[in-house]
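Enquirer: The opening position of the sequence shown corresponds to residue 110 in the numbering used here, with each subsequent residue numbered one higher.
Heads up, the beta-carbon is just placed ideally off N, CA and C, and yes, glycines get one too.
Computed from a predicted model, the values in this text were never measured in an experiment.
Dropping the structure in here first, questions after.
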Amino acid sequence: MPLNVYGIGNALVDVQARVPDELLTRIGYEKGVMTLVDDSVQIRVLSELGEIDTFRCAGGSAANTILGVQQFGGKAAYAGKTAADDLGEFFLKDMREAGVLIEVPPAAEGHTGTCVVLITEDAERTMLTHLGVSAELGEADVVNRDLDAAEWIYVEGYLFGTPDNQAAARAAIREAKQAGVKVALTVSDPFLVNAFKADFLELIGGPVDLLFCNLEEARGLTGKESARDCADALAAFGPRIALTMGKEGSVLVDPLGLDHVPGVPVKAIDTTGAGDMYAAGMLYGITNGLEWEQAGRLGSLAAAKVVGQMGARLAQPISKSEIAAAIRN
Numbered sequence: 110m111p112l113n114v115y116g117i118g119n120a121l122v123d124v125q126a127r128v129p130d131e132l133l134t135r136i137g138y139e140k141g142v143m144t145l146v147d148d149s150v151q152i153r154v155l156s157e158l159g160e161i162d163t164f165r166c167a168g169g170s171a172a173n174t175i176l177g178v179q180q181f182g183g184k185a186a187y188a189g190k191t192a193a194d195d196l197g198e199f200f201l202k203d204m205r206e207a208g209v210l211i212e213v214p215p216a217a218e219g220h221t222g223t224c225v226v227l228i229t230e231d232a233e234r235t236m237l238t239h240l241g242v243s244a245e246l247g248e249a250d251v252v253n254r255d256l257d258a259a260e261w262i263y264v265e266g267y268l269f270g271t272p273d274n275q276a277a278a279r280a281a282i283r284e285a286k287q288a289g290v291k292v293a294l295t296v297s298d299p300f301l302v303n304a305f306k307a308d309f310l311e312l313i314g315g316p317v318d319l320l321f322c323n324l325e326e327a328r329g330l331t332g333k334e335s336a337r338d339c340a341d342a343l344a345a346f347g348p349r350i351a352l353t354m355g356k357e358g359s360v361l362v363d364p365l366g367l368d369h370v371p372g373v374p375v376k377a378i379d380t381t382g383a384g385d386m387y388a389a390g391m392l393y394g395i396t397n398g399l400e401w402e403q404a405g406r407l408g409s410l411a412a413a414k415v416v417g418q419m420g421a422r423l424a425q426p427i428s429k430s431e432i433a434a435a436i437r438n
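What follows is the structure, encoded as structure tokens:
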């Protein structure tokens with residue numbers, strides 16, 4: 110079956126909660142960033158939540174994007190590693206009920222990864238991630254028959270954090286290029302740029318056809334300051350660029366030039382998944398007949414919708430009339 114996008118990334122169950130700043134101070138983690146933690150830390154943090162309401166859903170950066178493509182009406186597959194435990198069953202059921210093809214068999218031992226997302230009143234999200242068996246996703250877990258059927262493959266930068274994951278990402282990219290599948294990469298987080306800048310630049314100058322990044326990540330990759338200078342510097346490596354700037358919108362670069370796509374005004378409630386949903390709108394758009402700049406407008410609309418609610422997945426599908434208005438403006 111033809112696919113719009115094949116995603117590869119961490120398979121995590123997100124546990125989201127609205128918390129006061131005081132709780133972040135108490136647990137001792139930096140606000141607004143993602144931190145990898147071990148199982149004992151994750152248990153302690155969850156215990157700190159006490160009676161605070163939590164919301165659970167299948168997550169992980171690329172998984173959020175793949176779910177977004179499905180919500181727009183696209184067709185997508187996903188490669189991510191879960192364990193044969195309750196959380197793993199929840200993740201697979203949640204993805205499959207959304208229509209995502211996912212065939213990687215669960216690991217016989219270990220625990221499914223989790224991401225505790227702590228959202229403060231200013232809509233900033235602080236993420237504490239325990240990868241669990243997701244760290245074991247390897248080359249053997251790349252399901253080639255799904256990958257070869259896709260128009261694009263979407264690879265999350267978080268995979269560069271472990272040797273097995275990075276090997277899986279690179280294997281998927283090689284398979285994609287051999288099959289004529291275009292490659293989209295998101296660098297995912299500024300801390301990854303600091304740790305794996307050379308790896309990212311190698312890929313951006315090689316097999317990557319489309320790079321997603323935010324302004325802070327772009328500055329880390331290029332040493333430039335303004336969004337335009339960063340985008341131009343990255344585009345010189347060869348790929349198309351989609352550089353997001355929060356409420357200021359995004360800068361897009363393709364062979365025909367540079368465009369600024371304005372952001373969609375919204376009262377921010379939770380910034381979790383904004384970049385993931387932007388990528389979903391872009392990837393759905395360019396695989397379903399939209400022009401490059403129109404796809405960027407759809408990405409901006411999707412990002413605004415998800416920022417205006419709790420959770421990294423759209424609570425309600427975006428209507429056809431909203432989509433039409435967004436790409437027409």
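(1) Identify, in the order they occur along the chain, each residue of the same chain with its Cβ nearer than 8 Å to the Cβ of residue 388, setting aside the five sequence neighbours on each side.
(2) Among the candidates 394, 209, 415 and 329, whose CA atom is the shortest distance from the CA of residue 406?
(3) Whole beta strand (DSSP E) runs in the segment 175-222 with 3 or more residues, listed along the chain?
(4) How long is the line joining the alpha carbons of residue 219 and residue 180, rounded to whole angstroms?
(5) How should residue 269 be labelled, buried or exposed, when 16 other C-beta atoms within 10 angstroms of its C-beta is the threshold for buried?
(6) Give the straight-line distance between the Cα atoms of residue 147 and residue 111, rounded to the nearest whole angstrom.
(7) What is the residue span of the beta strand (DSSP E) that residue 116 lies within?
(8) Going by the CB atoms, is the gap between residue 244 and residue 187 shorter than 9 Å?
(9) Could you tell me which residues DSSP pairs with residue 228 in its beta bridges?
(10) Hey, would you say residue 238 sits closer than 9 Å to residue 223, going by beta carbons?
(11) Which parts of the segment 313-342 are runs of the alpha helix (DSSP H), unbroken and 4 residues or longer, counting only runs that do not cross its ends?
(12) What runs of the beta strand (DSSP E), each 3 residues or longer, lie entirely inside the segment 252-281?
(13) Tell me whether residue 161 is buried or exposed, calling it buried when 16 or more other Cβ atoms sit within 10 Å of its Cβ.
(14) Residue 402 to residue 200, Cα distance in whole Å?
(15) Using only CA atoms, which one of 289, 280, 328 and 284 lies nearest to residue 300?
(16) Taking the straight line between their C-alpha atoms, what separation do you get for residue 411 and residue 150?
(17) Is there contact between the segment 334-342 and the segment 373-389, where contact requires at least three CB pairs shorter than 8 Å?
(18) Given a cut-off of 9 Å, decide if residue 373 and residue 435 are closer than it, judged by their beta-carbon atoms.
(19) Check whether the segment 192-199 touches the segment 131-142, taking contact to mean three or more Cβ pairs, one atom from each stretch, closer than 8 Å.
(20) Do you know how far the Cα of residue 398 is from the Cα of residue 226?
(21) Does DSSP put residue 141 in a helix, a strand or coil?
Expert: This is what the structure gives:
(1) 174, 177, 263, 293, 295, 321, 351 and 408.
(2) Checked all of 394, 209, 415 and 329; the closest Cα to residue 406 is 394.
(3) Within the segment 175-222, the complete beta strand (DSSP E) segments at least 3 residues long are 185-188, listed from N- to C-terminus.
(4) Going from the Cα of residue 219 to the Cα of residue 180 covers about 31 Å.
(5) Buried.
(6) Cα-Cα distance, rounded: 39 Å.
(7) Under the DSSP assignment, residue 116 falls in the beta strand (DSSP E) whose first and last residues are 112-117.
(8) Taking 9 Å as the Cβ cut-off, residue 187 and residue 244 do not qualify as a contacting pair.
(9) Per DSSP, 127 and 234.
(10) Yes, they are a contact pair.
(11) If we require 4 residues or more, the alpha helix (DSSP H) runs fully inside the segment 313-342 come out as 324-331.
(12) The DSSP assignment places 259-265 as complete runs of the beta strand (DSSP E) inside the segment 252-281, in order along the chain (cut-off: 3 residues).
(13) Exposed is the label assigned to residue 161, since fewer than 16 other Cβ atoms lie within 10 Å of its Cβ.
(14) The alpha-carbon atoms of residue 402 and residue 200 are separated by roughly 34 Å.
(15) When each option's Cα is compared against that of residue 300, the closest is 328.
(16) Approximately 33 Å between the Cα atoms of the pair.
(17) Put simply, the segment 334-342 does not touch the segment 373-389. Fewer than three CB pairs are less than 8 Å apart.
(18) In this structure, residue 373 lies closer than 9 Å to residue 435 by Cβ.
(19) Output reads no: the segment 131-142 does not touch the segment 192-199.
(20) Using only the alpha carbons, I get a separation of about 35 Å.
(21) Reduced to three states, the DSSP call for residue 141 is coil.
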